[in-house]
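Under our numbering, the first residue of the first sequence carries the number 11, and numbering increases by one thereafter.
Built from N, CA and C at the ideal position, the CB exists for glycine as well.
Report on the following structure.
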Amino acid sequence: MAKRARMYWLMKSEPDEYSIDDLQRDTDECCPRGRCSWDGVRNYQARNFMREMAVGDLVLFYHSSTKPPGVAGVAEVCRAAYPDHTQFDPKSKYYDPKSKEAEPRWSMVDLQYVEHLAFISLATLKDTPALAEMKVVQKGSRLSVQPVRKAEFKAVVKLGKGKTRVR
DNA sequence: GCCAACGTTGGC
DNA sequence: GCCAACGTTGGC
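Right under this line is the structure:
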């Protein structure tokens with residue numbers, strides 16, 4: 011596998027379902043390298059972006075469907091895409107009867123906690139000229155996994171006074 | 001392959 | 001809770 015430059019992403023989660031605090035707890039509890047599996051993505055565009063992720067990529071953890079919505083912290087990809095097991099589980103709300111084990115339709119990645127940021131609301135993101143092209147600030151943007159430019163990632167971390175190092 | 005109907009997301 | 005925007009489904 012050819013090495014490629016680190017990439018940056020934004021992933022949305024409803025904090026009632028899974029928040030940055032949950033990720034921190036899951037990462038801490040399974041020392042030294044706890045993780046959470048990002049299951050349940052059932053959108054092809056989002057899936058395809060997850061399949062592009064590599065270990066070491068950094069992720070803006072976005073809280074959606076809450077008031078206010080916004081970026082709550084940073085996570086790191088610690089396992090590249092592999093089949094999402096919930097698609098084969100009839101009891102799961104993510105069950106997909108059309109997906110076959112031999113040819114899984116849906117993927118997930120594993121993340122680990124990096125840090126909290128001072129919460130950056132969507133309104134603040136929209137008010138920041140350097141972030142005007144981010145997908146998340148576009149009207150009607152529903153994509154739950156999206157790529158972020160390095161400069162945008164840096165600017166958001168700075169807004170949140172984060173310590174995440176971006177090389 | 002078109003497109004209307006339907007379901008979901010997610011800000012407000 | 002509303003509803004606009006978007007994605008998916010399925011009849012034709």
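As assigned by DSSP and simplified to three states, the class of residue i
i, result
"C41", "With a pLDDT of only 49 at C41, under the threshold of 50, the placement of this residue in the model should not be trusted; the figure read from the coordinates follows. In the structure shown, C41 sits in coil (DSSP, three-state: anything other than H, G, I, E or B)."
"K160", "helix"
"E18", "The amino acid occupying residue 18 in the given sequence is Tyr; Glu does not appear at that position. Strand, per DSSP."
"R111", "In the sequence on display, residue 111 carries Glu and not Arg. If DSSP states are grouped into helix, strand and coil, E111 belongs with coil."
"R61", "helix"
"M35", "The sequence given here has Arg at residue 35, not Met. R35: helix per DSSP, three-state reduction."
"P139", "helix"
"Q55", "helix"
"T174", "coil"
"K145", "helix"
"K168", "helix"
"K13", "coil"
For residue i, the residue or residues it bridges with in DSSP
i, result
"D120", "S47 and R89"
"I30", "Beta-bridge pairing links I30 to no other residue."
"G83", "F71 and H126"
"V155", "M21"
"S131", "G80"
For residue j and residue i, believed in contact at Cβ under 8 angstroms, the rounded distance
i, j, result
"K136", "Y18", "So it is not a contact: roughly 19 angstroms between Cβ atoms."
"V167", "L141", "Not really, about 12 angstroms apart at Cβ, beyond 8 angstroms."
"A64", "V87", "7 angstroms"
"S102", "E24", "About 17 angstroms; that fails the 8 angstroms criterion."
"L68", "R16", "7 angstroms"
"D94", "W116", "4 angstroms"
"V146", "Y72", "7 angstroms"
(request) Flag this pair as touching only if the segment 118-134 and the segment 48-58 have three or more C-beta atom pairs under 8 angstroms; answer yes or no. (result) yes
(request) Please confirm if the segment 18-29 is in contact with the segment 155-172, defined as three or more CB-CB distances below 8 angstroms between the two stretches. (result) yes
(request) Specify whether the segment 145-157 and the segment 53-67 touch according to this definition: at least 3 beta carbon pairs, one from each stretch, less than 8 angstroms apart. (result) yes
(request) Evaluate contact between the segment 79-97 and the segment 126-135, counting only Cβ atoms and requiring at least three cross-stretch pairs below 8 angstroms. (result) yes
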